Amino acid sequence: MYMYRQKVLTMYQLRGRLIFLLIVIVIIFVFIVYLGLPNERKKSEDLEFEFQPPSVSRSKLLRVTTRPKTQNNTDELYAVVFDAGSTGSRIHIFRFQVLSDGRLSLVNEIFEEVKPGLSAYADDPKKAAESLVSMINRALVEVPSHLQKTTPLTLKATAGLRLLPHGTADNILNEVTELLRGYPFHLPHNGITIMDGVDEGIFSWMTVNFMLGTLSDGTDTVAAIDMGGGSTQITLIPTLKETIEKSQADYIKNVSLFNKNYRMYTHSYLHLGLLSARVTLLGGDNIKGSESVELSSPCIPPGYSGHWSFGGQEYKIHGGTMHEFGYENCQHQTKSLVQNFIKPVEELGSRTIYIFSYFFDRALEAKLIGSDGGDITVGQLKEAAKSAFTNPDLERPFHSIDLTYLYSVLHYGYRLPRDKLIHLKKKINGVEISWGLGAAFELLSSVGLAR
Numbered sequence: 053m054y055m056y057r058q059k060v061l062t063m064y065q066l067r068g069r070l071i072f073l074l075i076v077i078v079i080i081f082v083f084i085v086y087l088g089l090p091n092e093r094k095k096s097e098d099l100e101f102e103f104q105p106p107s108v109s110r111s112k113l114l115r116v117t118t119r120p121k122t123q124n125n126t127d128e129l130y131a132v133v134f135d136a137g138s139t140g141s142r143i144h145i146f147r148f149q150v151l152s153d154g155r156l157s158l159v160n161e162i163f164e165e166v167k168p169g170l171s172a173y174a175d176d177p178k179k180a181a182e183s184l185v186s187m188i189n190r191a192l193v194e195v196p197s198h199l200q201k202t203t204p205l206t207l208k209a210t211a212g213l214r215l216l217p218h219g220t221a222d223n224i225l226n227e228v229t230e231l232l233r234g235y236p237f238h239l240p241h242n243g244i245t246i247m248d249g250v251d252e253g254i255f256s257w258m259t260v261n262f263m264l265g266t267l268s269d270g271t272d273t274v275a276a277i278d279m280g281g282g283s284t285q286i287t288l289i290p291t292l293k294e295t296i297e298k299s300q301a302d303y304i305k306n307v308s309l310f311n312k313n314y315r316m317y318t319h320s321y322l323h324l325g326l327l328s329a330r331v332t333l334l335g336g337d338n339i340k341g342s343e344s345v346e347l348s349s350p351c352i353p354p355g356y357s358g359h360w361s362f363g364g365q366e367y368k369i370h371g372g373t374m375h376e377f378g379y380e381n382c383q384h385q386t387k388s389l390v391q392n393f394i395k396p397v398e399e400l401g402s403r404t405i406y407i408f409s410y411f412f413d414r415a416l417e418a419k420l421i422g423s424d425g426g427d428i429t430v431g432q433l434k435e436a437a438k439s440a441f442t443n444p445d446l447e448r449p450f451h452s453i454d455l456t457y458l459y460s461v462l463h464y465g466y467r468l469p470r471d472k473l474i475h476l477k478k479k480i481n482g483v484e485i486s487w488g489l490g491a492a493f494e495l496l497s498s499v500g501l502a503r
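Be aware that the sequence shown starts at 53, since it is given in the working numbering, and climbs by one per residue.
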């Protein structure tokens, strides 16, 4: 009995040792295969990548997670973003490259624009959608055919559609959805929407700071002020606790970007975009009609008479009298408008500020900057506005009112001193300053290509 029990124990021991040996062999084999096939490992696991803007040092790169296998194991990623603005529609085609050392580098951006915007076709939604055809065809040319099926596409409408009646805007977006579904790109759920103004501000801020290389640690980020046609946005990361304590609760947002958390001050002022404000200053904000509405203003040069349309409404504009026309009268109106709505941010005066969109366009027209942009003081906008009244140009009837309004936003709205230096740019390192690139990052994240 004893001998039999001893044999049984020995057999169990032998079998246990054989099993242990087999396990060790399997582990060693798997480990060797794991080391020998790094590319396969990369295809099946989340990898850490760094977004690299052009001309930014490696010390300022951003790290995100991406899955390149979702675009056919290629080393390229594309994102297509439509900006359906109040005065025009734009397409941004972003090309990223997955580098050998694991960085996701922004290679370039293709930008194209058509006018007018979707809101101009309020009575013909199908024609609104058709206005995008030339741009989506450009995307077919730029994005390699084998990547189109997995390249995400989004269209985000801004203040132009926000200002339209709800049903009218929906009809336009339904036609746009029908059109874009006929193309091979990946249109995610909720890929075609009217974007919240706060997102517009945050995405613009992301674009500016990413291209400047200031997002790596978040300590040297700049403030961004965007002046659109229907709305204007301001976004910054507060450095003073007083900014947060004195701000309305809905002006402070907790935002997660590239695995980092930011507490932001951001707000969008609807109806205070340059063109919406122009309507208000001309006295047409509460006037709606199917026919042309006649307006007159001391901000418009005497002798001018012409037609202008915005938001689907036609206006007939007349200049003021010689006695009325002048900077002081116009500035009184613009100052009153911005002080009624814009909340000043105390620390803004000590921050680096980038302003763009219509700020850039009007400063360029006034010859304050060149086509590459530049730095000016807030006071230079005032001097340019006064000059526009001294030397009125009937070919540019809104030059004086626009410059006066832009100066008022910065000085009387945000309380920036006249000697405050501000940076005006249209592009940074070849990328258009808009919310487009920020929206592309969010798009890549929403479809699982990055997070």
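We put the CB at the ideal spot given by N, CA and C, even for glycine. Just so we're clear, the structure is a prediction, and the values are computed from it rather than from any experiment.
Assigned exposure category for residue i - 16 Cβ within 10 Å defines buried
{"i": "Ala418", "result": "buried"}
{"i": "Ile289", "result": "buried"}
{"i": "Ile286", "result": "buried"}
{"i": "Pro120", "result": "Low confidence applies here, because Pro120 scores a pLDDT of 44, under 50, leaving its location unreliable; read the following figure in that light. With 16 or more Cβ atoms within 10 Å of its Cβ, Pro120 is classed as buried."}
{"i": "Glu230", "result": "exposed"}
{"i": "Ser423", "result": "exposed"}
{"i": "Leu292", "result": "exposed"}
{"i": "Gln193", "result": "Strictly speaking, residue 193 in this sequence is Val, with Gln absent from that position. So Val193 ends up on the exposed side."}
{"i": "Glu484", "result": "buried"}
{"i": "Asp471", "result": "exposed"}
{"i": "Gln391", "result": "exposed"}
{"i": "Ser197", "result": "exposed"}
{"i": "Gly482", "result": "exposed"}
{"i": "Ser402", "result": "exposed"}
{"i": "Ile339", "result": "exposed"}
Close-in-space but distant-in-sequence residues of the same chain around residue i (CB under 7 Å, 5 per side omitted)
{"i": "Gln149", "result": "Asp127, Glu128, Ser157, Val159"}
{"i": "Arg233", "result": "Leu239"}
{"i": "Leu420", "result": "Ile428, Gln432, Ala436"}
{"i": "Met247", "result": "Lys208, Ala209, Thr210"}
{"i": "Arg414", "result": "Asp454, Leu455, Leu458"}
{"i": "Ser186", "result": "Val166"}
{"i": "Tyr54", "result": "Unreliable placement is indicated for Tyr54, whose pLDDT of 34 sits below 50; no coordinate value is reported for it."}
{"i": "Ala174", "result": "Leu216, Thr220, Gly364"}
Beta carbon of residue i nearer than 9 Å to that of residue j
{"i": "Phe237", "j": "Pro204", "result": "yes"}
{"i": "Pro396", "j": "Tyr321", "result": "no"}
{"i": "Ile405", "j": "Ile244", "result": "no"}
{"i": "Phe412", "j": "Leu476", "result": "yes"}
{"i": "Ser344", "j": "Ala172", "result": "no"}
{"i": "Ile407", "j": "Met279", "result": "yes"}
{"i": "Lys434", "j": "Tyr459", "result": "yes"}
{"i": "Thr259", "j": "Leu489", "result": "yes"}
{"i": "Gly335", "j": "Ser348", "result": "yes"}
{"i": "Val461", "j": "Thr266", "result": "no"}
{"i": "Leu170", "j": "His323", "result": "no"}
{"i": "Val430", "j": "Leu468", "result": "yes"}
{"i": "Ser138", "j": "Gly253", "result": "no"}
Host alpha helix (DSSP H) of residue i (start-end)
{"i": "Phe412", "result": "410 to 417"}
{"i": "Phe441", "result": "430 to 442"}
{"i": "Trp504", "result": "Examination of residue 504 is not possible in this model, given that the chain is present from 53 through 503 alone."}
{"i": "Leu184", "result": "Element bounds for Leu184: n/a, residue is neither H nor E."}
{"i": "Asp135", "result": "Taken as a continuous stretch (DSSP letters only), Asp135 belongs to no alpha helix (DSSP H), being part of the beta strand (DSSP E) at 128 to 136."}
{"i": "Leu458", "result": "451 to 460"}
{"i": "Cys382", "result": "379 to 393"}
Sequence-distant residues of the same chain with beta carbon closer than 6 Å to residue i, five excluded per side
{"i": "Glu346", "result": "Lys368"}
{"i": "Arg147", "result": "Tyr130, Val159, Asn160"}
{"i": "Val250", "result": "Thr318, Ser320"}
{"i": "Gly371", "result": "Ile352, Pro353, Pro354, Gly355, Tyr356"}
{"i": "Asn306", "result": "Arg315"}
{"i": "Ile394", "result": "Gly465"}
{"i": "Met374", "result": "Pro354"}
{"i": "Gln385", "result": "Leu333"}
{"i": "Ala329", "result": "Tyr457"}
{"i": "Ala181", "result": "Glu227, Val228, Leu231"}
{"i": "Glu366", "result": "Ser344"}
{"i": "His463", "result": "Val430"}
Endpoints, the beta strand (DSSP E) within which residue i is located
{"i": "Tyr314", "result": "312 to 322"}
{"i": "Gly358", "result": "357 to 362"}
{"i": "Leu309", "result": "304 to 309"}
One or two residues paired with residue i in a DSSP bridge
{"i": "Met279", "result": "Thr284, Ser409"}
{"i": "Tyr367", "result": "Val345, Trp360"}
{"i": "Gly422", "result": "Gly425"}
{"i": "Thr245", "result": "Lys208"}
{"i": "Ser141", "result": "Ala136, Val166"}
{"i": "Ile480", "result": "Val483"}
{"i": "Leu225", "result": "Per DSSP, none; premise fails for Leu225."}
{"i": "Tyr146", "result": "Note on residue identity: the sequence assigns Phe, not Tyr, to residue 146. Paired residues: Ala131, Glu161."}
{"i": "Leu473", "result": "Thr429"}
Same chain, Cβ closer than 8 Å to residue i, five either side skipped, listed in chain order
{"i": "Ser308", "result": "Tyr314"}
{"i": "Arg190", "result": "Ile143, Ile145, Ile162, Glu164"}
Proximity test, residue i beta-carbon vs the ligand PLP heavy atom, cut-off 8 Å
{"i": "Ser409", "result": "In the structure shown, the ligand PLP is absent, as is every other ligand, since no ligand is present at all."}
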